[in-house]
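Peer 1:
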Amino acid sequence: MSVVKISLPDGSVREFPQGVKGSEIAQSISEGLARMALSIEVNGEIWDLSRPITTDASIKIFTWNDKGGKYAFWHSSAHLFAEALEALYPGVKFGIGPPIENGFYYDVDLGDQPFGDDELLAVEKKMIELAKANNPFVRSDVSKKEALEYFRAKGDEYKLELIEGLQDGSITFYKQGNFTDLCRGPHVPATGVIKAIKLLSVAGAYWRGNEKNKMLKRIYGITFPKAKELEEYLHVLEEAKKRDHRKLGKELELFAFSEKVGMGLPLWLPKGTILRERLEQFMRRAQIRSGYDPVVTPHIGSKQLYVTSGHYEKYGKDSFQPITTPDVGEEFLLKPMNCPHHCEIYKTKPRSYKDLPIRLAEFGTVYRYEQSGELHGLTRVRGFTQDDAHIFCRPDQVKEEFIKVIDLVLLVFKSLGFDNYTAQVSLRDPENKQKYIGEDAQWDKAEREIQEAADERGLKTVAVQGEAAFYGPKLDFMVRDALNRSWQLGTIQVDYQLPQRFELEYVGSDNQKHTPVMIHRAPFGSLERFVAVLIEHCAGNFPLWLAPEQFAILPISEKFNEYGKRILNALRDKDIRGLLDDRDEKIGRKIRDSEVKKVPYMFIIGEKEVAENKITVRKHGGSDLGAFTLDEFMSQFGSDFALPS
RNA sequence: GCUGUUGUAGCUCAGGGGUAGAGCACUUCCUUGGUAAGGAAGAGGUCGAGAGUUCAAUUCUCUUCAACAGCUCCA
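If you're matching positions, the first sequence starts at 15 in the working numbering and goes up one per residue.
(1) Quick one, which of 515, 350, 370 has its alpha-carbon nearest residue 378's?
(2) Starting from residue 41, trace the alpha helix (DSSP H) in both directions and tell me its first and last residue.
(3) So, with DSSP's three-state summary, where would you put residue 634?
(4) Which value, in whole angstroms, describes the spacing of the CA atoms of residue 14 and residue 119?
(5) Do you know offhand how far residue 266's Cα is from residue 291's?
(6) Thinking just about the alpha-carbon of each residue, which of 91, 515, 648 is nearest to the one in residue 138?
(7) For the alpha helix (DSSP H) that residue 229 lies in, which residues bound it at each end?
(8) Using the DSSP secondary-structure output, state which residues sit across from residue 478 in a beta bridge.
(9) Starting from residue 189, trace the beta strand (DSSP E) both ways and give me its first and last residue.
(10) For residue 556 and residue 301, I'd like the C-alpha separation in whole angstroms.
(11) Tell me which residue opens and which closes the alpha helix (DSSP H) that residue 323 is part of.
(12) CB-CB under 6 Å to residue 411, same chain, minus the five flanking residues each way: which ones, in chain order?
(13) Once DSSP output is grouped into helix, strand and coil, what is the label at residue 284?
(14) Between the alpha carbons of residue 426 and residue 537, how many angstroms are there, rounded?
(15) Whole angstroms is fine: what's the gap from residue 87's alpha carbon to residue 52's?
(16) For residue 409, I'd like the list of residues in its chain whose CB is within less than 6 Å of its CB, leaving aside the five on either flank, ordered along the chain.
(17) Please go through the same chain and pick out, in chain order, the residues whose beta-carbon is closer than 6 Å to the beta-carbon of residue 3, but skip the five residues on each side of it.
(18) Based on the DSSP secondary-structure assignment, which residues constitute the bridge partners of residue 66?
(19) Out of 657, 31, 324, 407, state which residue places its alpha-carbon closest to the alpha-carbon of residue 430.
(20) Compute the beta-carbon to beta-carbon distance between residue 502 and residue 534, rounded to the nearest angstrom, for a pair I have assumed lies under 8 Å.
(21) Grab me the residues of residue 234's own chain with a C-beta within less than 6 Å of its C-beta, minus the 5 sequence neighbours each way, in chain order.
(22) From the DSSP secondary-structure annotation, give me the bridge partner or partners of residue 407.
(23) Is residue 641 helix, strand or coil by DSSP?
(24) Check each candidate in 651, 623, 653, 504 and name the one with the smallest Cα separation from residue 641.
(25) What would DSSP say about residue 157, mapped onto helix, strand or coil?
(26) First and last residue of the beta strand (DSSP E) that includes residue 217?
(27) Taking 8 Å as the threshold (C-beta atoms), are residue 97 and residue 187 in contact?
(28) Does the contact criterion of 3 or more C-beta pairs under 8 Å hold for the region 518-525 versus the region 537-554?
(29) Could you check whether the region 216-230 touches the region 351-362, counting it as contact only if at least three pairs of C-beta atoms, one from each stretch, sit closer than 8 Å?
(30) Given a cut-off of 8 Å, decide if residue 565 and residue 617 are closer than it, judged by their beta-carbon atoms.
(31) Can you give me the C-alpha to C-alpha distance between residue 30 and residue 242, rounded to a whole angstrom?
(32) Output the distance between the C-alpha atoms of residue 47 and residue 462, rounded to the nearest integer angstrom.
(33) Could you say which of 361, 574, 364, 182 lies nearest to residue 162 if we only look at CA atoms?
(34) Hey, could you find the ends of the beta strand (DSSP E) residue 122 is sitting in?
(35) I'd like to confirm something about residue 311: is its beta-carbon nearer than 7 Å to some heavy atom of the ligand MN, or not?
(36) With a threshold of 7 Å on Cβ separation, who are the neighbours of residue 401 within its own chain once the five nearest residues in sequence on each side are excluded?
Printed below as a string of structure tokens:
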């Protein structure tokens, strides 16, 4: 009998009979591994443990601790779900059902049947029953013809459509129990490994992600090998909800929405405004240091301005409609972008190559008609403020300027402790070039420059096609929120188009007119979204320099309110923000209330403190730092109250 | 925009065909205190809005608005 050489991850090579299965290899390594094994990587491809290996290969056995193991587990769970659903709803049609980062989903067509929480529970129960049956997942190769026949007989047009797109000879089915599905695999050996099951939610999803197609029901679920792991996962979800900026924003009185004002139009409350203004101060200072010139432009602009920029053609009809003047019928748009205004500032006088780069910065509030279903707390709103700036430079300055902006973005992230961001190079969709303006050569150049700048700063980047702006590629900084949703914060964009459209020029050293290059950039992105992500990042425990209330003075009794007032005024003179809690409450109560409000410092004053002219300092979270005079406290901790340098 | 779920006091939520309830917050009084909720009393709601069914609707039906989850979109 012939043998195959199997290389294991530890570098050792073992011989097995040809056709050996992953499960047998696992068994030969150890009983424990065999029990834990879920799938196997064979020459870089993830396989079922039951699939015979017929050639020499390097392999790795995957368990629950590997991504490859989890994916097989959740992929199999999706099939288990489908089996349970079909058992309860005969005739249901299936779309796709992949594993995802946390669990799996399956898109299904249930016709007009309602499907809510009760139905989820019923299917969940059926799944548990079928898991206990411990049916093996059986892989089989089928011809395209057989595959089409099977699903034609079943009347599942979605699967038929999927099969049409596949190549004959590469089609496999998987069967467990009474359920057969078109599937590439891999799967776990049998349903029995799935012990804990939770169907999480139902949502709509267009077939193949296309708005014009029928909307299917997408059912999300998650499963685990142990009940305890499911409990832990659900607990983590609960904890994440506590960090949600919409919840904390309400509790900490940072911002609010009003139906009367309009959806997606945030109202910044006094405490939220302090937070936001501190961020602005931080950015203003950083920008002045980096050679930016602040400018201010109005909230509306002539429609013609956006026709010129191309924004009107691209977004005009789906946007807030123009405001028309009563007499002459002149049309104005609520400013959706600051860049056209800044282009016009550039044009106010002739520019020399010696003047460049010119960096125009503005905290510009813009209005965009976002789809109603997209509005989400502060992360997606219809009126928001960008920390926007446009750098007008010569072609030879693009890379250097781009790198400087990267540094600015990284300064922001570092100052706020954002360490798990991703840098995304957002490129054109090569299939859909008509979505963009400009010529290929300029796009290629811009895309190259962005990648080079990012590489030069050692940024790890992920390139994503189809994510560019219509006028140019971008470097986007993505951060995840408490619920693991990804948001774009900072963005840097190279633009060869708008300078042409606005006929911007400068006189070069050759005394000829040249077109400058524009870099759009916003390190925060929008203040609204940035604050939202910041709230979730620190769970409302803001760094001292940002905290709306940096301290609370807590007198032991009303007798010490006068002394408290003196301390309050002394601290305010030092530009430190806080309040005096002079309510008729006991100290325990005052401490609790300040703790709940996440006030960083509590200054407790009573008979002893008045006598010694001191304050007793308690930090948020409970640590007692002892008694200080104000001067002692300020010399020791004072610098933390100021903007970070 | 699409699919689904939800909408009761400032907040968190219970209830349910016969014109509403809790805790916290709020107001007043008592209490003058030492590191996460002192005590008592009081006030507060067109049950998201509109229409229909009914003797009677906050409850049932429809429409609409908004929020939430996801999809699509995102200058």
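Glycine residues also receive a C-beta, built at the ideal position from the N, C-alpha and C atoms.
Peer 2: Reading from the atomic positions:
(1) Taking the Cα of residue 378 as reference, the smallest distance to any Cα among 515, 350, 370 is reached at 350.
(2) Annotation for residue 41: the continuous alpha helix (DSSP H) segment containing it runs 36-43.
(3) If DSSP states are grouped into helix, strand and coil, residue 634 belongs with coil.
(4) A question about residue 14 goes unanswered here, because the residues of the chain that appear run from 15 up to 659.
(5) Those two C-alpha atoms are separated by around 16 Å.
(6) Residue 138 has its Cα closest to that of 91, out of 91, 515, 648.
(7) The continuous stretches of alpha helix (DSSP H) do not include residue 229, which lies in the beta strand (DSSP E) extending over residues 229-238.
(8) When DSSP reads this structure, residue 478 sits in a beta bridge with 440.
(9) Counting along the chain, the unbroken beta strand (DSSP E) around residue 189 starts and ends at 185-190.
(10) When only Cα atoms are considered, residue 556 and residue 301 end up about 23 Å apart.
(11) Taken as a continuous stretch (DSSP letters only), the alpha helix (DSSP H) holding residue 323 covers 317-323.
(12) Excluding positions up to five away in sequence, the list reads 371.
(13) Shown here, residue 284 sits in a helix according to DSSP, grouped into three states.
(14) C-alpha separation (whole angstroms): 7 Å.
(15) Straight-line Cα distance between these residues: approximately 7 Å.
(16) Excluding positions up to five away in sequence, the list reads 531.
(17) Since the first and last residues shown for the chain are 15 and 659, residue 3 lies out of range.
(18) Residue 66 pairs with 35.
(19) Minimum Cα distance to residue 430 is reached at 657.
(20) The Cβ separation is near 13 Å, so there is no contact.
(21) Only 119, 214, 215 meet the Cβ criterion.
(22) Answer is 531.
(23) Secondary structure at residue 641: strand, using DSSP grouped into helix, strand and coil.
(24) Proximity to residue 641 across 651, 623, 653, 504 peaks at 623, based on C-alpha coordinates.
(25) Reduced to three states, the DSSP call for residue 157 is coil.
(26) Where residue 217 is concerned, the enclosing beta strand (DSSP E) stretches over 210-220.
(27) With respect to the 8 Å criterion, residue 187 and residue 97 are not classified as neighbours on the basis of their beta carbons.
(28) Because the criterion of three Cβ pairs below 8 Å is not met, the region 518-525 and the region 537-554 do not touch.
(29) Touching, no.
(30) Pairing residue 617 with residue 565 gives a Cβ-Cβ distance under 8 Å.
(31) Here the C-alpha atom of residue 30 lies approximately 37 Å from the C-alpha atom of residue 242.
(32) Spanning the two alpha carbons is a distance of roughly 47 Å.
(33) Here the closest residue by C-alpha is 182.
(34) Start and end: 117-123.
(35) Of the ligands one can find in the structure shown there are none, so the ligand MN has no counterpart to examine.
(36) Cβ within range, chain order: 297, 377, 536, 537, 538, 541.
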